[in-house]
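Working notes, beginning with the structure itself.
Protein chains in written order, with UniProt numbering: chain A, 1 to 146; chain B, 1 to 771.
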């Protein structure tokens, strides 16, 4: 097998979104970013995200956001109310974490920007991996829930 | 992989077949070389721990899985009992039970004992395959095949996987190598599928062996090193996240592990790296989308702050006690003196001692010097997966130096590195390509060469095509072109390989194939004599004692008594309760008057001691006695003192110069009771310690050893196992010593100190005294 060159974090992405946001970068310039700059940058990032992210990835992102919300909710319940059926809490929480990282993996793999890193993993394959991982995850969580 | 260009297509097509055949041959050799003990003795479970595993497997086969998990064993650790189902790693038993039921479904009823005996050799064949896969990822097929051959017969691994060695390690090393292979594969491809498979094998490993913590720490360490070296990639994120999220949840399914993965410090590294990777992944994602340079700094800074916060959180939780701090076994890995001071029970196990340097050579032979060469070779390329080999190599070398038993985890990586080094050498020296520039000139020479030379060249060429499936050297102008140089180096290594095989066979046959339940000795005429005292004694216990009789022995023999004699024991090899063991140690090392109440309180009916003095069996209880004393001293420092067992000059003696404490201890008395009688008027020599036991027939001043509160019940053929029955309370309410003295016709006051008449009451008695 040919040795794989270590791929650096995608630089091309910078230039891609960079063209759209040179103005924002120019404003902040050499001085430290002010609040106005920061909000401008964030607004710009959001705009770029909305415009340039494929819809499928947005779906995955929405799912990930949902999982984060559920995870935080569970954790808050555990801290504030009770952790009594600890098995149940743990399996519930780990399933959100597990599902989150699996979704993140799917997102990373399916992202066309990263295709250079995943020469053997097509988006379809990534989805199959996601389903496989989720099945195992749910099996273990269900077994653990008592 | 690039095939050598010189191969014709037909040969290239045959290569996979050849590889498969080679692998099968290697697996066959691996299995066959582990069968010495079966051929020489019989199909029998070896040593100590395997007897428990065997007993548990029988229980699992007889009952269903859930009652196995709920198994409360009241026949060990009397009177405490043991929650066996929740305190064992069920992987081994479940594997054998599955094989058993599978074969039964195929209408091949095989005795469960034979499955247990043969499990380790069969899994060693699989280990060879896993090592092949693993090494193939590191270099190429040829290195993989070499590594498979090495691990197949390396004594370091054979030591724990001969037929009959039915222990957790038997399957754990296979799972270890498979898990590592899958991890490398997942990392290379960045595939969640392979990551999930890694998690599944990790789960199997957790179910099989406590050494899974090694994987739990080495994979995060690998990931961490990659991140620190600036080699973070999305592939790493995918592989690690999917492995950790699934594997941790999976590992918590094992009752014995339970909540440990989130509660103990050993597992916190993995959690920390998991969190770190999430942050780094997020930072990389955001950084790519944020234009301003300062903002990037801000992102990196906040991620760094979060990392520091996380570490502080873990430390804080550890201090506040939510996360259990490191265990003693862990500390003893870093400070070799730790266990001896704080936990003598761990230090007392011979396989927990630091490794003596010759055993590295003994266990891996020439691989031990090929190992650094292999590390050097992978250093030169240093891909992500090569880092894994280096980290594994360094860690395992250290651990193997600390504990003898961890030679086992070092052996696979030594085999892998040795194979990489050797295959590199073979690649270079079997490469028959000439430099392109010289080819024209040499062509004529070649044609004029004598037929003999031609023959050798073609021979080497054949060898090359078989041995070196690797790529050709990349820089054609630098290399070895003289056939002499090639011949010498290849000849040397062929010789080394031959010696390696010889050494491995010799070590396996002589050092690692003894069941230790059955001993073998050579008669004067060279024929083999089987010493079967253990089974004789255990069988006696099984047949001649009440079914609920409680047998006290040192913990080493607990599993064997449970497995072979099926009697209740006080302590066994699952040393979970140190105090209970110390109690037994105290009973053994105290005077009879002190011991008897302890024995009564624990309902002890029989005491079993191992005595090798007659035969020269060195692993007996007198040699282990000091550990009993030390462990007892740890709990009762006032009553048991190690110093009292040494003579004034600090010697550990059992002869006439032995200290009074030693001579009056129950263990000493039970070991040497009537020992001198065997020798008659000859000096009674203890053949293990080469000391003269005082014999009343020789020396009128020596009093014969008298036992008053216990009586001899059974002594095996070669005196290795001696069983004593604990007497009931005297019907007249006397002290036992007084009662014994009365019965032997002595006056009460003069029982002690007076020399007994030569011969005494014991002389003509049968060896088996009472049923």
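Ideal placement from N, C-alpha and C gives every residue a C-beta, glycine not left out. If you're wondering where the values come from, they're calculated on a predicted model, not measured in any experiment.
Here's the rule: buried if 16 or more other CB atoms are within 10 angstroms of the residue's CB, otherwise exposed. What is residue 91/B?
buried
When you compare the CB of residue 290/B with every CB in chain A, is at least one pair closer than 8 Å?
yes
Please state if the CB of residue 300/B and the CB of residue 220/B are separated by a distance shorter than 8 Å.
no
Can at least three beta-carbon pairs, one atom from the stretch 40-54 of chain B and one from the stretch 151-166 of chain B, be found at a separation below 8 Å?
yes
Beta strand (DSSP E) segment containing residue 552/B, residue limits:
550-552
If you measure from the beta carbon of residue 136/A to each beta carbon in chain B, is any gap under 8 Å?
yes
Where DSSP assigns a beta bridge to residue 692/B, which residues make up the other side?
685/B
Please state whether DSSP places residue 112/A in a helix, a strand or coil.
helix
Pick from 578/B, 660/B and 598/B that is closest to residue 627/B, judged by C-alpha positions:
578/B
Apart from the five residues on each side of it in sequence, which residues of its chain come closer than 8 Å, Cβ to Cβ, to residue 475/B?
The predicted model places residue 475/B with a pLDDT of 48, which falls under 50 and marks its position as unreliable; any figure quoted below should be read in that light. Excluding positions up to five away in sequence, the list is empty.
If the cut-off is 8 Å on Cβ atoms, which residues from the stretch 225-239 of chain B count as contacting chain A, listed in chain order?
231, 232, 233, 234, 235, 237 and 238
Straight-line gap, residue 326/B to residue 334/B (C-alpha atoms, nearest Å):
11 Å
Would the beta-carbon of residue 255/B fall within 8 Å of that of residue 85/B?
yes
Which listed residue (693/B, 712/B and 171/B) has its alpha carbon closest to that of residue 680/B
693/B
Just to confirm my understanding: we take residue 835/B, look at its own chain, exclude 5 residues before and 5 after, and list those with CB closer than 6 Å. What are they?
The requested residue 835/B does not occur in the structure, where chain B is confined to residues 1 to 771.
Report yes if the CB atom of residue 585/B is closer than 8 Å to the CB atom of residue 671/B, and no otherwise.
no
By the three-class DSSP mapping on this structure, what secondary structure does residue 73/B have?
strand
Determine the contact status of residue 519/B and residue 531/B, defining contact as a CB-CB distance below 8 Å.
yes
Comparing the C-beta of residue 41/A with each C-beta of chain B, is any distance below 8 Å?
yes
C-beta atoms of residue 352/B and residue 405/B nearer than 8 Å:
yes
Taking CB distances under 8 Å as the criterion, tell me whether residue 193/B reaches chain E.
Protein chains in the displayed structure are A and B, and chain E is not among them.
Residue 117/A (DSSP reduced to helix, strand or coil):
coil
Cβ shell of residue 625/B (< 6 Å), same chain only, five flanking positions each side left out
667
Is residue 8/B helix, strand or coil by DSSP?
coil
With 16 as the cutoff for other CB atoms within 10 Å, does residue 77/B come out buried or exposed?
buried
DSSP three-state call for residue 353/B: helix, strand or coil?
coil
Name, please, each residue of chain B whose Cβ falls closer than 8 Å to the Cβ of residue 61/A.
The contacting residues do not exist; residue 61/A stays about 11 Å from chain B at best.
Which value, in whole angstroms, describes the spacing of the CA atoms of residue 749/B and residue 743/B?
Confidence at residue 749/B is low in this model, with a pLDDT of 47, below 50, so the placement of that residue should be treated as unreliable; the coordinate-derived value is given next. Those two C-alpha atoms are separated by around 14 Å.
Residue 506/B: buried (16+ other C-beta within 10 angstroms of its C-beta) or exposed?
exposed
Integer-rounded CB distance, given that residue 215/B should sit under 8 Å from residue 229/B
No, residue 229/B and residue 215/B are not in contact; Cβ-Cβ is about 21 Å, not under 8 Å.
Curious, which full-length alpha helix (DSSP H) runs of at least 4 residues does the stretch 552-608 of chain B contain?
578-589 and 592-601
Chain-order list of residues whose beta-carbon lies under 7 Å from that of residue 440/B (same chain, five-residue window excluded)
Any reading at residue 440/B needs caution, since the residue's pLDDT is 47, under 50, leaving its predicted position unreliable; the model's value is listed next. Same-chain partners within the cutoff: there are none.
Mind checking if residue 380/B is an interface residue toward chain A, Cβ cutoff 8 Å exclusive?
no
Is the separation between the beta-carbon of residue 653/B and that of residue 661/B shorter than 8 Å?
no
Quickly, what does DSSP pair residue 713/B with across the bridge? List them, please.
Paired residues: none, contrary to the question.
Could you name the residues of chain B that residue 159/A contacts, counting a contact when the two beta carbons are closer than 8 Å?
Since the first and last residues shown for chain A are 1 and 146, residue 159/A lies out of range.
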